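The next block holds one structure in the form of structure tokens; read it before the comments.
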Amino acid sequence: MVVAKTDAVSRENLDGETLRAMYRHMLRSRVLDERMWVLNRQGRAPFWISGMGHEAIQVAVGMNMEPGTDWLAPYYRDLALTLVLGMTPRDQLLSVLAKAEDPNSGGRQMPAHYGSRAHNIISTGSPTTTQLLHAAGIALAMRMRGDAAICVTAFGEGSTSGGDFHEALNFTATHKLAVVFVVENNGYAISVPVEKQMATPNVSDRAIAYGIPGVSVDGNDAIACYRAARDAVQRARSGAGPTLLEAKVHRLTSHSSDDDQRRYRSADDLEAERLQDCMPRFRAMLEDLGVLGPGDSDSLRTELVAEVDEATAYAEQAADPLAETALLHVYAEDV
Amino acid sequence: MVVAKTDAVSRENLDGETLRAMYRHMLRSRVLDERMWVLNRQGRAPFWISGMGHEAIQVAVGMNMEPGTDWLAPYYRDLALTLVLGMTPRDQLLSVLAKAEDPNSGGRQMPAHYGSRAHNIISTGSPTTTQLLHAAGIALAMRMRGDAAICVTAFGEGSTSGGDFHEALNFTATHKLAVVFVVENNGYAISVPVEKQMATPNVSDRAIAYGIPGVSVDGNDAIACYRAARDAVQRARSGAGPTLLEAKVHRLTSHSSDDDQRRYRSADDLEAERLQDCMPRFRAMLEDLGVLGPGDSDSLRTELVAEVDEATAYAEQAADPLAETALLHVYAEDV
Amino acid sequence: MPTRSYLEAIREGMRDEMRRDERVMILGEDVGTKGGVFGTTEGLQKEFGEWRVMDAPLAESCIVGVCIGAALYGMRPIAEIQFQDFIMPAVDQIVSEAAKMRYRSNNHWGVPMVLRAPFGGGIHGALYHSQSIEAMFCGVPGLKVVVPSTPYDAKGLLVSALRDPDPVLFFEHKRAYRSVKGEVPDEEYTVPLGAAAVVREGEDIAVFTYGMMVHAALEVAERLAADGFECEVVDLRSLRPLDRAAIIRSARKCGKVMVAQEPNLAVSISSEVSAIVAEECFEHLDAPVMRIGGPEIPAMPYAAALEEFYLVTPDKLEAALRKLAAY
Amino acid sequence: MPTRSYLEAIREGMRDEMRRDERVMILGEDVGTKGGVFGTTEGLQKEFGEWRVMDAPLAESCIVGVCIGAALYGMRPIAEIQFQDFIMPAVDQIVSEAAKMRYRSNNHWGVPMVLRAPFGGGIHGALYHSQSIEAMFCGVPGLKVVVPSTPYDAKGLLVSALRDPDPVLFFEHKRAYRSVKGEVPDEEYTVPLGAAAVVREGEDIAVFTYGMMVHAALEVAERLAADGFECEVVDLRSLRPLDRAAIIRSARKCGKVMVAQEPNLAVSISSEVSAIVAEECFEHLDAPVMRIGGPEIPAMPYAAALEEFYLVTPDKLEAALRKLAAY
Ligand SMILES: Cc1ncc(C[n+]2csc(CCOP(=O)(O)OP(=O)(O)O)c2C)c(N)n1
Ligand SMILES: Cc1ncc(C[n+]2csc(CCOP(=O)(O)OP(=O)(O)O)c2C)c(N)n1
Ligand SMILES: [Mg+2]
Ligand SMILES: [Mg+2]
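Protein chains in written order, with our numbering: chain A, 92 to 426; chain B, 92 to 426; chain C, 6 to 332; chain D, 6 to 332.
Written out as structure tokens, the structure is:
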């Protein structure tokens, strides 16, 4: 329904430039993500874990953050979010190929374990949910320093079953800290469906326990995501405290390159979710609105593929870490 | 207001016998608790941590449980609850004096670390909140065995800040397990007031996050406690799942014999709370109702003091554990 | 005897005990439909149902705490932790609760629970899917810790663990799952907890090790045998309690001792074995007690060259043993 | 020099650094109005306010995780854990996060955090208020672990820890708080991390120990001196990293080594010290490397007789040393 969409957009008074930027960010992440899978299937990258299907909420959140001021404690699906904040396809390709130049970890961590000092993206490990408490501590420090900055942290719905989720929401709510908790709810923790993880229909219902707003949004509706993200970020920045923002998304791939979701999910389910993919939906809307002209999207893709090609070529010839460097940086003294 | 009370009572159709039993349990615990403090001040017991002010909810819960069938995962304030379930003043005096015969731990643990195989009271250590997950596991096993039993677990409001609280409520709610979570909210975690622990006015607000009922009750109103406890126990037994039952109580003593709450609380506060003590209030009500005749309460106290005297004498002459027994029972093979 | 992989042996151990004893149950992430991320529990939910093989929420403290409670009520739970690295959130339940329950209750309560978790590196698992953190638990009274290196031991030790009245941490080297095969009898059998195994006899150097390193040690022992040095290879198998008698026997017999392990050396199994030898075999030693293990870095990095650098390869072990032999 | 108790020295260390560096803050249970359950932070909230000295909710993972985040943003947080026993819920944040942050980020991020906690027994604290669980962290690369035994070292090491760019676990023996007094200069000074201290010179037996046991060792050393045996008492002070050079020096010098500690021996500091000596001092040893510590039971029980049984008293230490001297 074009009209409704137009209304939605005008209500947010989003200009064409912003909308095009959102689409570009989403498509850029998708194109890069597709490349990661190709490299994995070709045996050039032993592992990949994807953000496909999660792009809309990530881009919406990222575009409402202030790069250089705001901080991010991400998780492994946040490829698009890291790109919006300024990391590049080259950075992430260096990581997936475990190169010395990889700004995330110098090839020490698995791919998609994001981190970039230059972009206020803290280093993330594999244990889930721990980063929520880091976000709480960052926001506490921002408050103590009097900085008008906020911290975003993202995680899956499965992670909301862990104790650190509770401790982080409780602490930030008690002290009204500037954190936006972004749940990318794709309905599965690897193979475990959400009904086996929790009793409530929405993860956002958990917010009531902390006296903070909980918002659920259709993660395939880029505009709805943008609105919800903007409100949560504004609320945090205004000093009103944290928000639990849930985006209902689809995991368009298996959990990771080590998983095959066809073993625990029906073909129909998977097909149904693919049809709701946020990308073509947003594209169609922008074309309806005339924000994207005929062919714009394809030429944009061509441009982004070229960027990723160039970055892939660069990453492939980049140097591997030297064996002895494994001993470095256990402590600062090693520097 | 006698009438209101009468109504309340008749609404619960509690007969005089039940009411007298409740009062007796509460007074018995209070008398024993007072003795523990005396022993501590006399230097005969190095440590005591009290349940004074928490008796009404504990007795209400205990009287709604089925001894021998239902299970309890208690915490250190649950003196009255252990007595209702069949432990005796002698048992607890043996513990406070660290005697070999102590059924809780043979003098190995601090006093008030309750446990009794004979009464389905699991052994509790000092780390807070861990027992909530044990209760979840017990209820899971009850469900798998098809036993019509329930498990009660009690803890302070401070413990609801810990991750295990969240994980236990989430798990039991997801599988509709027969657990009653009893929060004895006395407003303090040692010296930390509840406002510094959480943002919501009621701990029971946390229940919404798990899609289970949360109930708050005046812990100084024995009848209200009885009603709420009965409903929660019935709900669990019926297979409808867990309830988060919060009783707002007062900690009528310092946190423990190692603490002095006058250092962090005003004399007025302490006095105000003492005036709301559940014991005299319940006594007055029962006397208004004629359930207790003139002098009944005093003669009951005399009787209970005599019991505690006798138990104290027994415990004091009981044998201390032998040094070498410290090596026993690390593993079953040691038996 | 039929041949089984290490993983199959573990699965059969669970399956046989679940058939034999209806108190045995499994709680863990993805253990149900998916059959575990490595396939260890494949088919078990189909056979035993959704309650006895239950998918847990993503909460390790919950998995272990719930299993402790179920054990107190009379079940024989298996808590599966997806990777040993992710035991950390459950350390309080393991160390403060499971390990101390019998002692603190003066023997009135016990926790017959088995905690299973895959450990070890060399599979491009990087910092958090390659660790060997067993040392953290081997100093904790009240716990038992076992690490099988063969399919036969894997099944036999798992069955013993499931019948043990106390908590047993059962660690499975993930690199062994499909690469290590061996004979496993169809008939019921057990391997006792607490007993090391001399897997190769020798008189020159006693090599104490466990897990995948046992296979490296056997390979290297043959290389040295070619030059007339006979290594006695001892698979510790049980890391708590350690088999003191077996350690002392082989150390005294050989007079030279090498303790080899995958993780870093500081405050580890290798430290304790070395300390036992230093205290009990002083008059029999012909050389310093030597140790070899991973470097003192947090864990195995991802890049192939870095991972390789971390691992004690047969060549590195051989070099260390030749140095000791030459002492 | 003014005399201070161990507790006062720690409080002054925090206070002086908080005055010097506004990035220093304290987060812990009851650290505010109450000033901590032992009084260690008494008066600090009054001086520095409710944000820099913040009462935490009853959630140890929160305390440590929040301090890690604050450290990443540029603060110098002190995470106070009320008793070392209650670190367990925070082990994931300590071992998986704080310890690995610098390494996993290839030196882009670090966690300058100090975790303070009282440990040790002999105060009727029973199973969960008496433990010494430091060994659990001494094998973890990325962490530093220190245990002062005197007021001078307590303040000097704490100041060093607060200025260190990496996570330091600072463990305080609770029995020392008021019982141990000593001179502490008013002027600013530091004691370096990673360095042991020879607190008594001797040629006959090297005694390696830490915490309250240092005082027992010094007392016993005088008893033996009366009979002509001179013990060299080494206060390890830094448990990670261990001061290998100092250990090797004293061990080689004396030829006889006793490692004494309060907790049980298996896979502990004593194991690592013994292993270092066994590997590095073989040709200098005149006797087996001996160890003495607590029994292999979960922790110190409550009843006086049981607690006494657990503790390594000066008499027990003396007996062990005389046995070693006679070897
Ligand atoms: C503490 C911990 N336990 C287990 C794992 C293994 N693991 C990795 S991702 C994952 C599922 C996460 O599900 P969710 O939080 O919903 O995120 P999603 O992958 O669906 O985006 C699990 C169990 C882990 N990384 N950390
Ligand atoms: C994991 C853990 N951390 C800290 C403590 C120390 N401690 C004992 S009781 C207590 C406060 C508990 O408050 P609350 O849960 O409200 O129970 P209350 O004592 O008020 O009844 C604390 C911090 C502990 N026992 N366990
Ligand atoms: Mg998910
Ligand atoms: Mg309280």
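Each residue gets a CB set at the ideal place from its N, CA and C atoms; glycine is no exception.
All values reported here derive from a predicted model rather than from experimental measurement.
Inset, instruction - Examine the Cβ distances between the segment 244–263 of chain A and the segment 213–230 of chain A and report whether three or more of them are shorter than 8 Å. - result: Cβ pair count under 8 Å is three or more, so yes.
Legend entry - Same chain, Cβ closer than 7 Å to G115(D), five either side skipped, listed in chain order: Position 110 of the fourth sequence, counted from the first residue, corresponds to residue 115(D). The residues M106, R107, P170, D171, in chain order, have a CB closer than 7 Å to that of G115(D) in the same chain once the five nearest residues on each side in sequence are set aside.
Legend entry - Closest Cα partner of A324(C) within the set P246(C), I297(C), Y307(C), E313(C): Counted from its first residue, the third sequence places residue 324(C) at position 319. Checked all of P246(C), I297(C), Y307(C), E313(C); the closest Cα to A324(C) is I297(C).
Inset, instruction - State the CB to CB distance for the pair A211(D) and S279(C), rounded to an integer number of angstroms; the pair is presumed to be in contact (CB under 8 Å). - result: Residue mapping note: residue 211(D) aligns to position 206 of the fourth sequence, counting from 1. Residue mapping note: residue 279(C) aligns to position 274 of the third sequence, counting from 1. Between A211(D) and S279(C) a beta carbon distance of about 17 Å is seen, past the 8 Å cut, so the two are scored as non-contacting.
Inset, instruction - Anything in chain B within Cβ reach of D60(C), meaning under 7 Å, just list it in chain order. - result: For the purposes of this step, residue 60(C) is identified with residue 55 of the third sequence, where counting begins at 1. Proximity of chain B to D60(C) at the Cβ level (cut-off 7 Å) is not reached, the minimal Cβ distance being about 10 Å.
Legend entry - Rounded C-alpha distance that separates A226(A) from L176(A): In the first sequence, the residue the question calls residue 226(A) occupies position 135. In the first sequence, the residue the question calls residue 176(A) occupies position 85. For A226(A) and L176(A), the gap between their C-alpha atoms comes out near 16 Å.
Legend entry - Listed by chain order, chain B residues near E407(A) by CB distance under 7 Å: For this step, residue 407(A) is matched to residue 316 along the first sequence. Taking a Cβ-Cβ threshold of 7 Å, none of the residues of chain B is close to E407(A); the smallest such distance is about 43 Å.
Legend entry - From T160(B), M289(B), A409(B), residue whose alpha carbon lies closest to that of A300(A): As a position in the first sequence, residue 300(A) is number 209, starting the count at 1. Put simply, of T160(B), M289(B), A409(B) the residue whose alpha carbon is nearest the alpha carbon of A300(A) is M289(B).
Legend entry - Spatial distance of A131(D) from P202(B) (CA atoms): As a first step, residue 131(D) is located in the fourth sequence; it is residue number 126 there, counting from the start. As a first step, residue 202(B) is located in the second sequence; it is residue number 111 there, counting from the start. Taking C-alpha positions only, A131(D) is separated from P202(B) by approximately 10 Å.
Legend entry - First through last residue of the alpha helix (DSSP H) which encompasses V152(A): Within the first sequence, numbered from 1, the residue matching residue 152(A) stands at position 61. Secondary structure note for V152(A): its alpha helix (DSSP H) is the uninterrupted segment 146–155.
Legend entry - Supposed close pair G126(D), S135(D) - CB separation, criterion 8 Å: By 1-based counting over the fourth sequence, the position of residue 126(D) is 121. By 1-based counting over the fourth sequence, the position of residue 135(D) is 130. Confirmed, Cβ separation roughly 3 Å.
Inset, instruction - List the whole-angstrom C-beta distance separating A280(A) from L63(C), where the pair is believed to meet the contact cut-off of C-beta under 8 Å. - result: Against the first sequence, residue 280(A) aligns to sequence position 189. Against the third sequence, residue 63(C) aligns to sequence position 58. The pair is a contact, with the Cβ atoms about 5 Å apart (cut-off 8 Å).
Legend entry - Assigned exposure category for D232(C) - 16 Cβ within 10 Å defines buried: In the third sequence, the residue the question calls residue 232(C) occupies position 227. Exposed.
Inset, instruction - Could you name each continuous beta strand (DSSP E) segment of 3 residues or more that falls completely within the segment 115–146 of chain C, going from the start of the chain to the end? - result: Fully contained in the segment 115–146 of chain C are the following beta strand (DSSP E) runs of length 3 or more, in chain order: 119–124.
Inset, instruction - Tell whether a beta-carbon distance below 8 Å holds between L170(A) and S214(A). - result: Against the first sequence, residue 170(A) aligns to sequence position 79. Against the first sequence, residue 214(A) aligns to sequence position 123. Against a cut-off of 8 Å, the Cβ pair of S214(A) and L170(A) comes out as no contact.
Legend entry - Distance, F43(C) Cα to N311(B) Cα: Taking the second sequence and counting its residues from 1, the one referred to as residue 311(B) is at position 220. Taking the third sequence and counting its residues from 1, the one referred to as residue 43(C) is at position 38. Those two C-alpha atoms are separated by around 54 Å.
Legend entry - Those residues which DSSP pairs with W162(A) across a bridge: Locating residue 162(A) in the first sequence gives position 71, where the first residue counts as 1. Note: W162(A) sits in a beta bridge opposite C242(A).
Inset, instruction - Determine the chain A residues that contact K105(D) at a beta-carbon separation under 7 Å, and present them in chain order. - result: Reading the fourth sequence from its first residue, position 100 is the one you call residue 105(D). Against chain A, a Cβ distance below 7 Å from K105(D) picks out G216.
Legend entry - Partner residues on chain C for A256(D), Cβ-Cβ distance less than 8 Å: In the fourth sequence, the residue the question calls residue 256(D) occupies position 251. None at all; the shortest Cβ gap to chain C is about 11 Å.
Inset, instruction - Output yes if chain D places a C-beta closer than 8 Å to the C-beta of P180(B); else output no. - result: Numbered from 1 along the second sequence, position 89 holds the residue referred to as residue 180(B). No, P180(B) lies away from the interface with chain D (no Cβ there is under 8 Å from its Cβ).
Legend entry - Anticipated Cβ contact below 8 Å, L185(A) with A414(A), distance rounded: Taking the first sequence and counting its residues from 1, the one referred to as residue 185(A) is at position 94. Taking the first sequence and counting its residues from 1, the one referred to as residue 414(A) is at position 323. About 18 Å separates the Cβ atoms of L185(A) and A414(A), ruling out a contact at the 8 Å cut-off.
Legend entry - Rounded straight-line distance, which links the Cα of T38(D) to that of G18(C): Taking the first residue of the third sequence as 1, we reach residue 18(C) at position 13. Taking the first residue of the fourth sequence as 1, we reach residue 38(D) at position 33. Rounded to the nearest whole angstrom, the CA to CA distance from G18(C) to T38(D) is 56 Å.
Inset, instruction - Count the C-beta pairs between the segment 201–208 of chain C and the segment 246–255 of chain C that are closer than 8 Å, then say yes if the count reaches three, no if not. - result: Touching, per the Cβ criterion.
Inset, instruction - Sort out for me which residues DSSP pairs G299(C) with in a bridge. - result: The residue given as residue 299(C) occupies position 294 in the third sequence. Paired residue(s): N269(C).
Legend entry - the segment 93–100 of chain D touching the segment 399–409 of chain A, judged by at least three CB pairs closer than 8 Å: Taking 8 Å as the limit for Cβ pairs, the verdict is that the segment 399–409 of chain A does not touch the segment 93–100 of chain D.
Legend entry - Per DSSP, cross-strand counterpart(s) of Y279(A): Looking up residue 279(A) in the first sequence gives position 188. DSSP links Y279(A) through a beta bridge to P284(A).
Legend entry - Three CB pairs or more closer than 8 Å across the segment 150–169 of chain B and the segment 103–115 of chain B: At 8 Å Cβ cutoff, the stretches touch.
Legend entry - Reduced DSSP category for C236(D) - H, G, I as helix; E, B as strand; rest coil: Translated into positions along the fourth sequence, residue 236(D) becomes position 231. DSSP, reduced to helix, strand and coil, places C236(D) within a strand of the structure shown.
Inset, instruction - State yes or no: is the beta carbon of D97(C) nearer than 8 Å to at least one beta carbon in chain B? - result: Residue numbering aside, residue 97(C) sits at position 92 when the third sequence is read from its first letter. Yes, D97(C) lies at the interface with chain B (some Cβ there is under 8 Å from its Cβ).
Inset, instruction - Closer than 8 Å by beta-carbon distance: list the chain C residues that pair up with Y355(A), in chain order. - result: If you number the first sequence from 1, residue 355(A) lands on position 264. Those within 8 Å of Y355(A) in chain C are T38, K39.
Inset, instruction - Between the Cα of M295(D) and those of E277(D), P146(D), L329(D), spot the shortest distance and give me the residue it belongs to. - result: By one-based count along the fourth sequence, residue 295(D) stands at place 290. When each option's Cα is compared against that of M295(D), the closest is L329(D).
Legend entry - First and last residue of the uninterrupted beta strand (DSSP E) at R205(D): Numbered from its first residue, the fourth sequence carries residue 205(D) at position 200. 202–205 is the span of the beta strand (DSSP E), which, as asked, contains R205(D).
Legend entry - C-alpha distance - N195(B) paired with A189(B), whole-angstrom precision: Counted from its first residue, the second sequence places residue 195(B) at position 104. Counted from its first residue, the second sequence places residue 189(B) at position 98. Cα to Cα, the separation comes out at about 10 Å.
Legend entry - Same chain, Cβ closer than 6 Å to A323(A), five either side skipped, listed in chain order: If you number the first sequence from 1, residue 323(A) lands on position 232. For A323(A), where only same-chain residues beyond five positions count, the Cβ hits under 6 Å are V271, T334, L336.
Inset, instruction - Would you decide whether M117(A) is buried or exposed? Buried here means 16 or more other CB atoms lie within 10 Å of its CB. - result: As a first step, residue 117(A) is located in the first sequence; it is residue number 26 there, counting from the start. When all chains shown are included, M117(A) counts as buried.
Inset, instruction - Compare the C-beta of G79(C) with all C-beta atoms of chain B and state if any pair is closer than 8 Å. - result: Here the question's residue 79(C) lines up with position 74 in the third sequence. Closer than 8 Å: yes.
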